[in-house]
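A.B. asks: This is the structure I have questions about; it appears just below.
There are 4 protein chains.
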Amino acid sequence: VTMSVIKYSSPTSAGAECIDPDCSWVEQWVHRAGPRKDIYYEPNEVKAAIVTCGGLCPGLNDVIRQVVFTLETYGVKNIVGIPFGFRGFFEKGLKEMPLSRNLVENINLAGGSFLGVSRGGPKTSEIVDSIQARRIDMLFVLGGNGTHAGANAIHDECRKRKLKVSVVAVPKTIDNDIPLMDKTFGFDTAVEEAQRAINSAYIEARSAYHGIGLVKLMGRSSGFIAMHASLSSGQVDVCLIPEVSFALDGEYGVLQHLEQLIKNKGFCVVCVAEAAGQELLQNSGATDASGNAILSDIGVHMQQKIKTHFKGIGVHADIKYIDPTYMVRACRANASDAILCTVLGQNAVHGAFAGFSGITSCICNTHYVYLPVTQVITAPKRVNHKGRMWHRCLTSTGQPDFR
Amino acid sequence: VTMSVIKYSSPTSAGAECIDPDCSWVEQWVHRAGPRKDIYYEPNEVKAAIVTCGGLCPGLNDVIRQVVFTLETYGVKNIVGIPFGFRGFFEKGLKEMPLSRNLVENINLAGGSFLGVSRGGPKTSEIVDSIQARRIDMLFVLGGNGTHAGANAIHDECRKRKLKVSVVAVPKTIDNDIPLMDKTFGFDTAVEEAQRAINSAYIEARSAYHGIGLVKLMGRSSGFIAMHASLSSGQVDVCLIPEVSFALDGEYGVLQHLEQLIKNKGFCVVCVAEAAGQELLQNSGATDASGNAILSDIGVHMQQKIKTHFKGIGVHADIKYIDPTYMVRACRANASDAILCTVLGQNAVHGAFAGFSGITSCICNTHYVYLPVTQVITAPKRVNHKGRMWHRCLTSTGQPDFR
Amino acid sequence: VTMSVIKYSSPTSAGAECIDPDCSWVEQWVHRAGPRKDIYYEPNEVKAAIVTCGGLCPGLNDVIRQVVFTLETYGVKNIVGIPFGFRGFFEKGLKEMPLSRNLVENINLAGGSFLGVSRGGPKTSEIVDSIQARRIDMLFVLGGNGTHAGANAIHDECRKRKLKVSVVAVPKTIDNDIPLMDKTFGFDTAVEEAQRAINSAYIEARSAYHGIGLVKLMGRSSGFIAMHASLSSGQVDVCLIPEVSFALDGEYGVLQHLEQLIKNKGFCVVCVAEAAGQELLQNSGATDASGNAILSDIGVHMQQKIKTHFKGIGVHADIKYIDPTYMVRACRANASDAILCTVLGQNAVHGAFAGFSGITSCICNTHYVYLPVTQVITAPKRVNHKGRMWHRCLTSTGQPDFR
Amino acid sequence: VTMSVIKYSSPTSAGAECIDPDCSWVEQWVHRAGPRKDIYYEPNEVKAAIVTCGGLCPGLNDVIRQVVFTLETYGVKNIVGIPFGFRGFFEKGLKEMPLSRNLVENINLAGGSFLGVSRGGPKTSEIVDSIQARRIDMLFVLGGNGTHAGANAIHDECRKRKLKVSVVAVPKTIDNDIPLMDKTFGFDTAVEEAQRAINSAYIEARSAYHGIGLVKLMGRSSGFIAMHASLSSGQVDVCLIPEVSFALDGEYGVLQHLEQLIKNKGFCVVCVAEAAGQELLQNSGATDASGNAILSDIGVHMQQKIKTHFKGIGVHADIKYIDPTYMVRACRANASDAILCTVLGQNAVHGAFAGFSGITSCICNTHYVYLPVTQVITAPKRVNHKGRMWHRCLTSTGQPDFR
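Below, the structure is given as structure tokens:
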């Protein structure tokens, strides 16, 4: 591949922008990802930075590794990691980490983020000040919804200041809740690992007299992990997700159904997404540093309610509650996610070299593409409760409508 | 869902057939899979049989389990397993196994086939004699290319004899080499498990002085497992697949490249698909009971060639050969395959009840569908050596063209 | 081995008793375990029962399986499982489960208890009434301290009633806290699995800005699991066990030390045994059905204290709390425990056939032996805080004296 | 601990020697391992080297890591790794690797040897020349029987040259075949991992019509791994070890027994140690670079014999052969081995500082001790075929005497 460095042209439209001659985001806002014939930067002059934000997600290290590999393939010498998310741009004592193939060669064998993560961070203008001061040309941002919004704000501010900086995001949400995308990395691994917890709950429930196993799985606004993990395990009797409201009490409530299961089957397993049934709880209205609402703990709430219910009706019940969140988040990526991360990471670099900015590297309808960040941060993707997958989940659990 | 049993109508076309009023296979030969409003059999009169053929593949038990569950949901009481593949239809001493939800509840937790598998079997006419004698109405056949051809022959013979029998296949090939399908069950698990072998080869190679790790992976006519496993592991220096011919000797041969790797990097890892480089070997022309050509062992061949080569040039080399085939095949399905198996199994039963026969239950361009068996047995699917995935694999390994 | 059935002789001493001519418990209260030349029961007249009590522990199914196998080897035909612990002796609707080699062949491949467990149960006299009514000759009791006391009471009551019943216990405590024994089954597996949680905590802590990973491990009255898991992981900075008291606050308290670790190292991992620091908590004095004190949750307590402390000093800290209890308990036995279970199970049966009663089958100073139950229920075994193993743990963590 | 550096005194006896005033190897040749009040070296003047020899074994990295940690605790600044075994002492282009806590912090999370291994090496005098030239004061040698002999020769040569060098070995044999020791590191992990192979063989055998699973496990001169793995898996029908000779053919041969198993049970699993039945094979008399005899492959031999036998008697048999050797050797240590490695590594350093040389750090009758290398290299430890463990294994497999 012969590459020629082409000139910088000023942004031509709102949202993601590019200098690829074939590109017009106004009419066509999705682009096939991959290397371009012409590249927009002189590789040996480029300083590239990578930053990982938010909570842990399997595959972060795979993406970091692949971004470094691909940058080196282009000939980039100056690659740095910003430690601990956007916080690394301003916190004193946190230093840029020089990155190279040699250093990141095996980081994918462990979970976590080699660069460190954190939530929240400084103001956009401060980050861009720092980008300017550090003379960064390409910024690769790995993060979820909030981080994408942040990446877009940085992109906008760079445009405003006429800075020649490519801001390229790679979506990182274990919940798989970003619209338009087939799946986000880490999700497959999460579903895989979640089954370990479900199987433990099943064994505890089955081995106990009137055992009830309760597992809370990740899903800040969607039930994808809970639904997929329930379906793949085949051991779940009740799956509760935020997209489908349910009553705990009452004739058609969850508790009544558990009572029936204990009576007929002797034990049962419940899988609940963390955001499910929030309307049943008193919420504080508080938010974390990423701006996400702090959810009340539906798992603990249900555990209490189930205990009280069975005590009230004088039936013995032995409830075991498992919250595997951190053990899932800290996993390394499985093979399927590793491939996804590899491709997304390579494409992120191709996108930056093509002169794109304000884009995110993702897979959409089986194709790897670039989407403008603005298009994916409007609202979280949610389980379609009339769709086939949820219906299959209901068939598998055999649960009724809890209303 | 209210279901009415509709009348049997004679087959209307070649290949797969159905009595679904909306169905005309001549014009439209792919049908969306799923339950139909009208069903073609009276559930409590149905005798359904399941048979698993060929080699082991992760997920067999998941499909068996789900077929039984779904049959019971329809109300079928008489479900049997035919032991050890088509052999179970005639071998004396092998008895039908009555199946029920209770019996198969947890079979998915172990690998292998609960019913047993075998290759080859009796003539089609003998199998259909047995089907008649046993009064089987639905036959669910899990197997690969050869087995699908067998299923189709059974379907044809049943039509010829005017038997009201639905023959529904579920494709089982760990190699993922059936055309039209996005993927077949077991493949994802195989790629996952293959990485354990690759990682062992990497550790052995890296820990040895001039270490060379050689891993042979499954792929009777395609390199999908080798390609995906190499890409996801990120530890492979040379990936060899049957779709891309290569020379071992010569200036641009594999051996010369290994020499360079040992010189520059000190160690290397080679991943070879079992059918790769068959043109380099002397083949016996023999076939196994399934009619598959018995391949010469490219892994052992390469191990010898590498040893000889390095001895010849007077350079120390420490080669370790790993063949994880049976340890991969005997795995239980991972979460992703478990979901695939669940849906394919459910759909197989829906298809039979809809009156289809001669079909296979699969996923095609992200949709679950029924395809006529005749359409998928023409030739194996192969890696597109000009495609992006193979190109990504080459980028990952950094290997040159070996010709 | 030729076996002759010898006559029943009345018990000769307090505690465990036997009719083995070589045995005199008065002088020598430990006996080498294993088969005896003479057996005390006519195998084909024996009814043997197995019961599992208390919480789950890896290896229960291995012991059950081996007891059944060995009983069949002796020629016993009538083997039953009492479901859900001692509760199975009286709860209506709970039926004896007939057991055979065929049925239990593969139960060791899954965790949990095939028979079910429960805590507490009926009065001793009621249990013995049930034993009489069921005509049980041998009772194999798997359980911990409380269960051993129960087994001994049953043994005494049988003696009092002149019943020819062998009561043989197999110690089951994941905590490894029974005196005189080298180790109890399940402990090794628990330490192994605990490392998964510690590694997750390490990854979460290391990947976060000022991350603190906190893991609570099992240990109702001892710190063996916490100590061994900390030592083997090599990733723990502070290990807290009940045998060594500590202050949280103050100049030499744990919190002050964490502050230093965060300052110097940036992150840290704390491993706390569930019974550690109970003196720091307000206890309710309540007990569970097994008679064990219900402990206040030191993990949650520490999580709160750490949060408050760092907030108080204005230093950011990101704490992640992991409680892997049920995921550890539900594991299947690892290889080392599987061998231990196999031998203990075989020996339990040999002991019963030798005519012993009131004994427990264990490993003591590398020898497999029978001990009188009375000798092992006096008090739990505890970590010697002046011993070498604890000292090695301190060397590994580098923690100071927290007082 | 206050430490005083004491003077060097000349060696006082043959074999291992020490300057510990309490030590007299003539009368008492085993010493309790651990730190001594007086140390023999000035830590900040010490140059310590570590070398790993032979094949891979789980736990090598744990020992390396702990030796480095403990040396740093003593205050040693100059620590180096000799790459690729003794070969690293002379091979041009191989450089000493400076080691530090920071560098080795997480090496235990991966299998293999961080330093690299190799077999064979230069003459003793050349190694000692190199030791002198490099000014090494302490040499930690991790290896098996042959390596221990090498370590002892180095120790002798150093004494002859009046060099103040401590040569301390840590026994590394996955086979657990060194006399006097309870167990060697890596063995427990090997037994654990071997079960994955046995379980695969079991699943393949059980799922096939007349399936025979054959697993070859490590054991160059002993059957410990095969015996323990067979016992712990509970899935093996025939276990063959080098300590117990057997016939394949004939009325009481293995093949006849397999015939019976296929007839009665339908499938079977055979586990064979690599050195078993060598008398049945034609051996070349060749040795590898470590001086070990190159064994003929009993696994492949049996596979052929079984095929031929069943073909000869006209009975279908489907044999699957699994050799998991490299996948076992490349594993990281499990928790139990990790603790063993930690203590052995710490003790090796304590021993060197105490002024011992020609010793090996091991566990003997539950105590951690130092033994003179000369005592442990006389002959390999072997399974006692009249012992209880082998008897238990026979009980578990149910196999007869094959003679």
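Just so you know, the sequences run in chain order A, B, C and D. Each residue of the first sequence is one higher than the one before, counting from 1 in our numbering. Each residue of the second sequence is one higher than the one before, counting from 1001 in our numbering. Each residue of the third sequence is one higher than the one before, counting from 2001 in our numbering. Each residue of the fourth sequence is one higher than the one before, counting from 3001 in our numbering. For glycine and all other residues, C-beta sits at the position ideal for the given N, C-alpha and C.
Residues of chain C with CB under 7 Å from Ser118 (chain A), in chain order?
C.D. replies: Under the 7 Å cutoff, chain C gives Ala2208 and Tyr2209.
A.B. asks: Quick one: what's Asn2078 (chain C) bridged to in DSSP?
C.D. replies: C:Lys2047
A.B. asks: For the stretch 2331-2356 of chain C, which residues have a beta carbon sitting closer than 8 Å to at least one beta carbon of chain D?
C.D. replies: Asn2334, Ala2335, Ser2336, Ala2338, Ile2339, Thr2342, Val2343 and Gln2346
A.B. asks: Who are the Cβ neighbours of Phe2090 (chain C) in its own chain at under 7 Å, not counting the five residues just before and after it?
C.D. replies: Pro2122, Glu2126 and Ser2130
A.B. asks: Is DSSP giving Ala2273 (chain C) helix, strand or coil here?
C.D. replies: strand
A.B. asks: Going straight from the alpha carbon of Phe1084 (chain B) to that of Thr73 (chain A), what length do you get?
C.D. replies: Cα to Cα, Phe1084 (chain B) sits roughly 52 Å from Thr73 (chain A).
A.B. asks: Would you call the CB atoms of Leu2060 (chain C) and Ser2113 (chain C) closer than 8 Å?
C.D. replies: The answer is yes: Cβ separation under 8 Å.
A.B. asks: Closest to Leu103 (chain A) by CA distance: which of A:Lys216, A:Gln132 and A:Gln66 is it?
C.D. replies: Comparing Cα positions, the closest option is A:Gln66.
A.B. asks: Using a Cβ-Cβ cut-off of less than 7 Å, give me the residues of the stretch 78-102 of chain A that come near chain C, in sequence order.
C.D. replies: Phe84 and Arg87
A.B. asks: Cutting at 6 Å between CB atoms, please list the residues of its own chain near Pro171 (chain A), excluding the five before and the five after it.
C.D. replies: Ile178, Thr184, Thr360 and Cys362
A.B. asks: Alpha carbon to alpha carbon, how far is Ile2136 (chain C) from Gly2116 (chain C)?
C.D. replies: 19 Å
A.B. asks: Report the neighbours of Leu1217 (chain B) on chain A: residues whose CB is nearer than 7 Å to its CB, in chain order.
C.D. replies: Within 7 Å Cβ-Cβ: nothing; Leu1217 (chain B) doesn't reach chain A, min ~12 Å.
A.B. asks: Note down, in chain order, all residues in the stretch 2108-2140 of chain C with a beta-carbon under 9 Å from any beta-carbon belonging to chain A.
C.D. replies: Those residues of the stretch 2108-2140 of chain C that come within reach of chain A (Cβ to Cβ, closer than 9 Å) are Ala2110, Gly2111, Gly2112, Ser2113, Phe2114, Leu2115, Gly2116, Val2117, Ser2118 and Arg2119.
A.B. asks: Could you confirm whether any beta carbon from chain C is found closer than 8 Å to the beta carbon of Leu3231 (chain D)?
C.D. replies: yes
A.B. asks: To the nearest angstrom, how far is it from the Cα of Gln2346 (chain C) to the Cα of Val236 (chain A)?
C.D. replies: 36 Å
A.B. asks: Would DSSP call Phe3356 (chain D) helix, strand or coil?
C.D. replies: coil
A.B. asks: Along chain B, in chain order, which residues have C-beta atoms closer than 7 Å to that of Gln195 (chain A)?
C.D. replies: Ala1335
A.B. asks: Taking a contact to mean a Cβ-Cβ separation below 8 Å, would you say Thr3366 (chain D) touches Asp3182 (chain D) in this structure?
C.D. replies: yes
A.B. asks: Should the stretch 3189-3199 of chain D be called in touch with the stretch 3343-3358 of chain D, which here means at least 3 C-beta pairs below 8 Å?
C.D. replies: no
A.B. asks: Can you tell me the Cα-Cα spacing of Ile64 (chain A) and Arg87 (chain A), whole angstroms?
C.D. replies: 18 Å
A.B. asks: Is there a C-beta anywhere in chain D that falls below 8 Å from the one on Ser1412 (chain B)?
C.D. replies: Because residue 1412 (chain B) is not part of the residues shown, which for chain B are 1001 to 1403, the question remains open.
A.B. asks: Assuming Val2141 (chain C) and Ala2149 (chain C) make a contact with CB atoms under 8 Å, what is their CB distance in whole Å?
C.D. replies: Rounded, the Cβ-Cβ distance is 11 Å, inconsistent with contact.
A.B. asks: Who are Cys1239 (chain B)'s beta bridge partners in DSSP?
C.D. replies: B:Cys1271
A.B. asks: Go ahead and label Arg3119 (chain D) buried or exposed: buried means 16 or more other beta carbons lie within 10 angstroms of its beta carbon, across all protein chains shown.
C.D. replies: buried
A.B. asks: Could you give the residue range of the alpha helix (DSSP H) that holds Val1300 (chain B)?
C.D. replies: From DSSP, the alpha helix (DSSP H) with Val1300 (chain B) extends over Ile1298 to Gly1312.
A.B. asks: Taking Arg2392 (chain C) as the reference, give the member of C:Thr2147, C:Glu2045, C:Ile2212 and C:Ser2233 with the closest Cα.
C.D. replies: Of the candidates C:Thr2147, C:Glu2045, C:Ile2212 and C:Ser2233, C:Ser2233 places its Cα closest to the Cα of Arg2392 (chain C).
A.B. asks: Which runs of the alpha helix (DSSP H) fall wholly inside the stretch 173-261 of chain A and span at least 4 residues, in chain order?
C.D. replies: 187-207 and 224-233
A.B. asks: If you measure beta-carbon to beta-carbon, which residues of the stretch 3056-3077 of chain D are closer than 9 Å to chain B?
C.D. replies: Leu3056 and Leu3060
A.B. asks: Is the beta carbon of Gly3223 (chain D) closer than 8 Å to that of Val3383 (chain D)?
C.D. replies: yes
A.B. asks: For a test of the three-state rule: what should DSSP assign to Arg134 (chain A), helix, strand or coil?
C.D. replies: helix
A.B. asks: For Tyr2368 (chain C), which residues from the same chain have a beta carbon less than 6 Å from its beta carbon, with the 5 sequence-adjacent residues on both sides left out?
C.D. replies: Ala2033, Val2343 and Asn2347
A.B. asks: Is it buried or exposed for Glu3274 (chain D), if we count other Cβ within 10 angstroms and need 16 for buried?
C.D. replies: It is buried - the Cβ of Glu3274 (chain D) has at least 16 other Cβ atoms within 10 Å.
A.B. asks: Can you tell me whether DSSP reads Cys1364 (chain B) as helix, strand or coil?
C.D. replies: strand
A.B. asks: Do Leu1217 (chain B) and Ala1229 (chain B) have their C-beta atoms within less than 8 Å of each other?
C.D. replies: yes
A.B. asks: Who does Val2369 (chain C) pair with in a DSSP beta bridge?
C.D. replies: C:Arg2032 and C:Cys2362
A.B. asks: Going by DSSP, what residue range makes up the alpha helix (DSSP H) through Ala3149 (chain D)?
C.D. replies: Asn3145 to Lys3160
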